[in-house]
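In order, the protein sequences belong to chains A and B. So for the first sequence, this note's numbering puts the first residue at 7; every next one is plus one. So for the second sequence, this note's numbering puts the first residue at 64; every next one is plus one. From the three backbone atoms N, C-alpha and C, an ideal C-beta is built for every residue, glycine too.
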Amino acid sequence: MVTITVADSYSTSENAAFNASLAAFEQEYPWIHVEVQYGAPVGTSPYLQEAQAGQAPIVIRETSDAGGALFAAGVLVNLSQYLPPSYFSQFNPTAVEDWTLNGAVYGLPDNINYIVMFYNKKFITAPPNTTDQLIQIAEQVNKTYGLWGIAYGIGDDWGYRFAAWFAGFGGQIFTTVNGKIYPALNSSAMVNALEFWYNLTYNLRVNYLAPSAGAGGVEGQLFMANKAAIIFDGPWDLMTYFNALGCSLGAAPLPVVSSTGLYAAPLIGSTGWVITTPQANGVPKSQWNATLHAALLFIEFMTNYTNEINLWNYARDIPALKSAYNYAISQLSQPATNQTVACLNQVMKGVLEQSLHGQKFPNIPQMAYYWPSFHQYAVWYFTYRNLSAVQAAQGMESYFISQLQANGLLDPALIATLQNLMAAELPAPRD
Amino acid sequence: MPRLSPKVEGFLYFLPLVVAVLFLFLYPVLYAVYISFTNMNLLHIFNYRFVGLLQYELMLRQGYLASLLINEVAWTLGSLIPMMALGFALALILNQRDLYGRSLFYAILILPWAFPGFISLLVWSGMWTDPYGFMNRYLLPFLHLPHVNLVHSVWGAWTGLIVTNLWLSFPYYMTVFYSGLQSIPSELYELADVDGAGALAKFTRITLPSLKKTIAFVFITSFVFTWNNFYPIYVLTGGGPGIPSKPIASTETFIVYAYQEAFSYNNYAFAAALSIVSTAITMVLAVIVLKFTGILEGLV
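Take a look at the structure:
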C-alpha cells in the first residue's frame, strides 16, 4: 500500500466532481491510499514553507503561475522526465505551455481560465466587437439608463486583468534581448492602454473604477445590482452572475482595440496537478519510486477525459484536454432541455469563444514582480492624476527592473541595451 | 537533602517562564536575524547561504526606509493620539458619579470590541466604498463632509484607516482609563472640594497625576501594537494607493511591506531584514519612552 497526500484547492462545486473522480481512482487502484487535504490554498508561500521543512504534500492542485515559481524553486518534479511528449499533446497547447518552464513540463492541466466580457442584456442588445463600439455602448447606457457603462476592478489582480488591454494595444510584459528575458512595460502600448482607461474613467465618465474585482467585489456587486452594464471577469464567477441575472447575462470575447486591430487578449491561465520532489515532501529514498509512480497515476487520472468532463458538468470548468473541450463545445450545440440551460449554454459559448483570443501566461519567476510594478504606478496614475501615462510606464518598468535586479533575476550589464531598444518607441513625456 | 538557597529556589520557580519566553520569543527573533543575513528567497529556498549585510544594503539602496518610517510614524501617532484622547474622554464621562444608565452606555461603547476585528474590517471596507458605502452615501454627506475614497486618494486612505482603527480600538482605551479612574480614591476629590478646587484643578492636580503611569503604560504598549498593527492596512488599502518610495504617497508600513515581500514575492531574507529594522526602531523608542516616563521605577 502506498499513501499519497493531496492538497486539493477545488471549490465546492468542483469538489463534487473531484470526489466522484477520487472514488473511481481508489476503486481502480486499491493499493494507493489517498489522503486529501480539502480547501488547500493555491500560491507559492504555503508550499515553500512546507517544502523547506520537508512536509509539502506529495500532490498539489495548483495554478500554473504559482506552479512555475515552485518549479523554479526546486519544489516540483519535472514531468517531462516521466511522461512522453505525445502525452502532453493531448492537451490544449496553450495550457501545456502554461505548465512549461525552460522546456520542462511540471504539471498536468485540468482546466484553462481567463477573463471574458460579461454584459447585461437588459441594457445591451449586442456586445461590442471593438473598443470604439465599447465606448459608444458605454456612453449610451450611461445616458439612457443612468448607470455605469463599465465597472472595472482595480484590486490586487489589476495587473492580471489589465494585461489583456496591454496586449490589445500591442504590448507584451516581457521581451527577449540576447536570449535573456527583460521587462517590456515601458512602451507606447502601455501608455495607450493606460490613457484609454483614463479617458473612459475621467473624461467620458462611463467607467467606474471599482476598488475590488470579481463577484465578491464592488465590481461584481454593481453588475449584479444592475448598476453597471459591462464587467470583465473570469468564468469562475459565472454561476454567481447567472444566478443573479439569469437569462439577462451575456458573455463575449473582449473587443478588438480599434486603433491596432488586435484583440484585447487576456492571459490564458490554467490550474492543474503537480508532484513535489522528495526534498520538499520528505518521502524517504527507499519509498520514492513507488510514491512517484502512485502520484503520476493519480495526476494522470485526475486530468483524463472522464474527470475533465466531470469538472465541466459539475462546475463548468473549461477543459484543458482537447477531447473534453471538443465534447463541451458539442454539448453547447445540443438542444437545451429548458430555457435556463439554453441561456447558460449561450453564455458558455461566449466564454469558450474567448479562448481563441488569449495570450500565454508568462509563468516565469520574474512574473511575480510584474504585479507590484504595474499596480503601484497604475494606481498612482489614476490616483494623483499628476503623473503622465508615459511617466507611469517608465516608473513601472524602472521598478520592475530594480526588483528583478535586487532578486538576482536580471543581469544589470544588458539593461542599457534594453533601454536603448525601448526608448525610441516612446512618445515625449506629457508636461 | 541540602536546602536550596532562596535565590536558586526563586529562579527555579521562574524557570518555566524563562523557557517559554526563550521558545516563543527569542527563537523566532533569532531565526529572523539569522535569515536576514542569508539570501533565502524563491530561488534559494533549499540552498540559501550567508550573504552578510546584503539585505540591509539593498534596503538602503531601494530608498524606501525614510518613506516607510514616515508612514509608520503617521500611522502610529495618527491612530494613537485620537484613540487615547477619545478613550480618555469617554472614560471621564463614564466616571461621573451621577451618570444615569452607566452600564448601558458602557455596554454599547464596548460593542466594537465584541466583533472579530477581521470581520469588522471587511464591513468597514464595504462602508468606505465610494459612492456606494454607508460612509460616503449617508454619513459624510449628512455631516457636510467631503467623500473619502480609499482607492483614489492617499489622504482618503489615511483618513479611512485612522477612523476605522479609532472605531476598532477606542473601547480598549476607554476601559483601561475607566479602570484607572475608578482606582483613584474618592477622598482626594472630597478634600479638593473642601479646599474649593474647581473641575480643571481637580483634573490637572489629581486625575492626571494619578493616571500618569497608566497613561504611560497604555502609550508604550499601544505604540508598539499600533506600529505593528497589520490587518487594518492590509485589509483596507493593502499598502496603497501610490508607491512606497515617496513619503505619505502610500499607506505602506514596515509590517505590510515585509509581509508582501515575504508572502507575495517570497523574499524571506529581505522581509526578515525589514522586520529586524522595524523591531530595532520600536525597541529604541520604547526604551526612550520608558526612561522618560519612569514607568519601570519601583518594578526593578
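Inter-residue distance for phenylalanine 86 of chain B and tyrosine 94 of chain B is about 11 Å (C-alpha atoms, whole angstroms). Across the set B:Asn110, B:Ala335, B:Glu135 and B:Lys265, the C-alpha of B:Glu135 shows the shortest separation from the C-alpha of phenylalanine 288 of chain B.
Cβ proximity to chain A below 7 Å picks out nothing from the region 133-165 of chain B.
Runs of the alpha helix (DSSP H) spanning 4 or more residues and lying entirely within the region 17-104 of chain A occur at 18-34, 51-58, 70-78, 91-94 and 99-104, in chain order. The C-beta separation of arginine 200 of chain B from proline 194 of chain B comes to about 6 Å, placing the pair in contact by the 8 Å criterion.
Looking at B:Leu206, B:Asn212 and B:Phe181, the one whose alpha-carbon comes closest to that of glycine 196 of chain B is B:Asn212.
Take the alpha-carbon of glycine 243 of chain B and the one of threonine 277 of chain B: they are about 7 Å apart. For isoleucine 173 of chain B, no CB of chain A lies under 8 Å from its own CB, so it is not counted at the interface with that chain.
With respect to the C-alpha of isoleucine 225 of chain B, the residue from B:Gly259, B:Pro145 and B:Ala170 having the closest C-alpha is B:Pro145.
Scanning chain A for C-beta atoms nearer than 7 Å to the C-beta of threonine 192 of chain B yields Pro217 and Val224, reported in chain order.
Within the same chain, and ignoring the five residues on either side of tyrosine 236 of chain B in sequence, the residues whose Cβ sits closer than 6 Å to its Cβ are Met146, Met147 and Gly150. Within 9 Å of the CB of serine 246 of chain B, no CB atom of chain A is found; the nearest one sits about 45 Å away. In this structure, the alpha-carbon of valine 263 of chain A lies about 49 Å from that of serine 232 of chain B. Taking one beta carbon from each stretch, the region 150-165 of chain A and the region 250-258 of chain A have fewer than 3 pairs nearer than 8 Å; the two do not touch.
The beta-carbon separation of asparagine 413 of chain A and leucine 107 of chain A, rounded to 17 Å, does not stay under the 8 Å limit for a contact.
For tyrosine 247 of chain A, the number of other beta carbons within 10 angstroms of its own is at least 16, and it is reported as buried.
Secondary structure at methionine 123 of chain A: strand, using DSSP grouped into helix, strand and coil. Leaving aside the five residues that flank proline 272 of chain A on each side, the residues in its chain whose CB is nearer than 6 Å to its CB run, in chain order, Tyr120, Ile121, Ala170 and Gly364. The beta carbon of glutamine 146 of chain A does not come within 8 Å of any beta carbon belonging to chain B, so the residue lies off that interface. Taking all protein chains in view, the Cβ of proline 90 of chain A is surrounded by fewer than 16 other Cβ atoms within 10 Å, so the residue is classified as exposed. With respect to the 8 Å criterion, glycine 256 of chain A and glycine 356 of chain A are classified as neighbours on the basis of their beta carbons.
For tyrosine 214 of chain A, the enclosing beta strand (DSSP E) covers residues 213-216.
Using a CB distance cut-off of 8 Å, leucine 54 of chain A counts as an interface residue toward chain B. Between the region 280-300 of chain A and the region 77-87 of chain A there are three or more C-beta pairs closer than 8 Å, enough to call the two in contact.
As the crow flies, the alpha-carbon of glycine 226 of chain A is around 13 Å from that of glycine 189 of chain B. Residue burial is scored here from C-beta neighbours: phenylalanine 24 of chain A has at least 16 other C-beta atoms within 10 angstroms and is therefore classed as buried. With contacts defined as CB atoms closer than 8 Å, valine 212 of chain A and isoleucine 156 of chain A qualify as a contacting pair. Taking the Cα positions, proline 47 of chain A is about 6 Å away from serine 15 of chain A. Within the model, the alpha-carbon separation for leucine 206 of chain A versus proline 133 of chain A is close to 17 Å.
Taking 9 Å as the upper bound on Cβ-Cβ separation, chain B lies near residues Ile160, Gly161 and Asp162 of the region 139-166 of chain A. The beta carbon of alanine 144 of chain A lies closer than 6 Å to those of Gly155, Ile156 and Val212 in the same chain, with the five residues before and after it left out. In the DSSP assignment, valine 347 of chain A falls within the unbroken alpha helix (DSSP H) covering 345-360.
Between leucine 143 of chain B and tyrosine 241 of chain B, the C-beta gap is not smaller than 8 Å, which leaves the two residues out of contact. Near chain B, meaning a CB-to-CB distance below 8 Å, no residue of the region 303-319 of chain A qualifies.
Excluding its 5 nearest sequence neighbours in each direction, alanine 177 of chain B has no C-beta neighbour in its own chain below 8 Å. Going by C-alpha positions, alanine 234 of chain A is about 38 Å away from tyrosine 188 of chain A.
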